[in-house]
Amino acid sequence: MTTTADVRIDRRRFVADLIARLPENALVVTGLGSPSYDVFAAGDRPGNFYLWGAMGGAAPLALGLALAQPDRPVVALTGDGEHLMGIGTLATIGAQLPPNLTLVVLDNAHFGETGMQPSHTGLGTDLVAVTQGFGIHDAVRITDLAQAEDLAARITARSATTYAQVLIATDEPPRALPPRDGVANKNAFRASLGLSTF
Numbered sequence: 010m011t012t013t014a015d016v017r018i019d020r021r022r023f024v025a026d027l028i029a030r031l032p033e034n035a036l037v038v039t040g041l042g043s044p045s046y047d048v049f050a051a052g053d054r055p056g057n058f059y060l061w062g063a064m065g066g067a068a069p070l071a072l073g074l075a076l077a078q079p080d081r082p083v084v085a086l087t088g089d090g091e092h093l094m095g096i097g098t099l100a101t102i103g104a105q106l107p108p109n110l111t112l113v114v115l116d117n118a119h120f121g122e123t124g125m126q127p128s129h130t131g132l133g134t135d136l137v138a139v140t141q142g143f144g145i146h147d148a149v150r151i152t153d154l155a156q157a158e159d160l161a162a163r164i165t166a167r168s169a170t171t172y173a174q175v176l177i178a179t180d181e182p183p184r185a186l187p188p189r190d191g192v193a194n195k196n197a198f199r200a201s202l203g204l205s206t207f
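Count along the sequence shown from 1, then add 9; that gives the number in this note's numbering.
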């Protein structure tokens, strides 16, 4: 069970370390808010797809990408609040289990975008146990910055659907905002997949 007393790591450093270790062809889908800011702060790249406001949409979009692009690692990087909004997606992921899919949940036990109200993870929900209950057995809880290296190795190996709950601090680093031009973001992402843009 996650509590506010657990050791929490610096989310921006963790995301930067993880992104720096990913293979060049990795596709990264971000949940709304802080995960988008952190991934953008780590360095914009064509393989990043920023979901500005599709709450609950990061995991299902990443699942679709993983099934459509089986030779590329696909990472959904989101927060606990966004993830909880679409928790049922884990049932579909558990039924499909694409080995190139990794879900990374930055969990500060709060709804950071709406006023820092406690989220369910701060009230007793164990995301690792929930995930395993959906049939995703490679589910880990990350409490140390050094674990980014192991997670990146799992992502690169593409050997099993992987889930990582990362216990992060509640501090709010300066926002680094990715472009808000949805068409430009979509076209850059499609181009990174070798698809036409329109």
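Where a beta carbon is used, it is the ideal one built from N, C-alpha and C, also for glycine.
(request) Name the one or two DSSP bridge partners that phenylalanine 58 has. (result) Within the sequence shown, numbered from 1, the residue matching residue 58 stands at position 49. Paired residue(s): Val38.
(message) Out of Gly66, Val192 and Asp159, which one is the CA nearest neighbour of glycine 88?
(response) Walking along the sequence shown from the start, residue 88 turns up at place 79. Closest in C-alpha terms to glycine 88, from the list Gly66, Val192 and Asp159, comes Gly66.
(request) Answer with buried or exposed for histidine 92, where buried requires no fewer than 16 other C-beta atoms within 10 angstroms of its C-beta. (result) Looking up residue 92 in the sequence shown gives position 83. Burial of histidine 92 is indicated by the presence of at least 16 other C-beta atoms within 10 angstroms of its C-beta.
(request) Per DSSP, which residues does valine 139 bridge with? Please list them. (result) Counting from one through the sequence shown, the residue named residue 139 turns up at place 130. Under the DSSP definition of a beta bridge, valine 139 lacks any partner.
(request) Would you identify the three-state DSSP class for threonine 152, choosing helix, strand or coil? (result) The sequence position of residue 152 within the sequence shown is 143, counting from 1. For threonine 152, the three-state secondary structure derived from DSSP is coil.
(message) My parser needs the beta strand (DSSP E) runs of 3 or more residues fully inside the region 61 to 114; what are they?
(response) Segments of the beta strand (DSSP E) lying fully in the region 61 to 114: 83 to 88.
(request) Between the Cα of asparagine 107 and those of Asp80, Ala50, Ser128 and Val113, spot the shortest distance and give me the residue it belongs to. (result) Sequence index remark: in the sequence shown, residue 107 carries index 98 (1-based). The sequence given here places proline at residue 107; asparagine does not occur at that position. Per the Cα distances, Asp80.
(request) Specify, as a first and last residue, the run of the alpha helix (DSSP H) that alanine 173 falls within. (result) On the sequence shown, residue 173 is found 164 positions in, with the first residue counted as 1. Note, alanine 173: premise wrong, no alpha helix (DSSP H); beta strand (DSSP E) at 171 to 176.
(request) Could you pull out every residue in the same chain whose Cβ sits closer than 6 Å to the Cβ of alanine 51, ignoring the five residues on either side in sequence? (result) As a working mapping, residue 51 is identified with position 42 in the sequence shown. These residues qualify, in order along the chain: Val24, Ala25 and Ile28.
(request) Can you tell me which of Glu181, Asp159 and Gly56 puts its alpha carbon nearest to the alpha carbon of threonine 171? (result) Counting from 1 along the sequence shown, the entry for residue 171 is found at position 162. Ranked by Cα distance from threonine 171, the first of Glu181, Asp159 and Gly56 is Asp159.
(request) Assign aspartate 180 to one of three DSSP states: helix, strand, or coil. (result) One-based indexing of the sequence shown puts residue 180 at position 171. Of the three classes helix, strand and coil, the one that applies to aspartate 180 here is coil, per DSSP.
(request) If I'm right that leucine 86 touches threonine 39 with Cβ under 8 Å, what's the distance once you round it to whole angstroms? (result) The residue labelled residue 86 in the question sits at position 77 within the sequence shown. The residue labelled residue 39 in the question sits at position 30 within the sequence shown. The pair is a contact, with the Cβ atoms about 5 Å apart (cut-off 8 Å).
(message) Taking the straight line between their C-alpha atoms, what separation do you get for aspartate 53 and glutamine 141?
(response) Locating residue 53 in the sequence shown gives position 44, counting from the first residue. Locating residue 141 in the sequence shown gives position 132, counting from the first residue. Distance between the alpha carbons of aspartate 53 and glutamine 141 is about 32 Å.
(request) Taking only the alpha-carbon atoms, compute the straight-line gap between leucine 112 and leucine 72 and give it to the nearest angstrom. (result) Mapped onto the sequence shown, residue 112 falls at position 103. Mapped onto the sequence shown, residue 72 falls at position 63. Those two C-alpha atoms are separated by around 9 Å.
(message) Please return the same chain residues whose Cβ sits closer than 7 Å to the Cβ of arginine 189, not counting the five positions on each side in sequence.
(response) As a first step, residue 189 is located in the sequence shown; it is residue number 180 there, counting from the start. The answer, listed in chain order, is Trp61.
(request) List the residues that DSSP assigns as beta-bridge partners of isoleucine 6. (result) Outside the modelled stretch of the chain, which goes from 10 to 207, sits residue 6, for which no answer is possible.
(request) Report the rounded CA-to-CA distance for leucine 74 versus alanine 178, giving the unit in angstroms. (result) As a first step, residue 74 must be located in the sequence shown, where it is residue number 65. As a first step, residue 178 must be located in the sequence shown, where it is residue number 169. Approximately 30 Å, taken between the alpha carbons.
(message) What does the Cβ neighbour count give for asparagine 37, buried or exposed, with the cut at 16 atoms within 10 Å?
(response) Against the sequence shown, residue 37 aligns to sequence position 28. The displayed chain sequence assigns valine, not asparagine, to residue 37. Valine 37 comes out buried.
(message) Could you pull the DSSP bridge partners for aspartate 47 from this structure?
(response) On the sequence shown, residue 47 is found 38 positions in, with the first residue counted as 1. DSSP, once it has assigned bridges, lists no residue as partnering aspartate 47.
(request) Measure from the alpha carbon of asparagine 196 to the alpha carbon of each residue in Glu33, Arg21 and Tyr59, then state which is nearest. (result) In the sequence shown, residue 196 corresponds to position 187, counting from 1. Distances from the alpha-carbon of asparagine 196 to those of Glu33, Arg21 and Tyr59 put Tyr59 closest.
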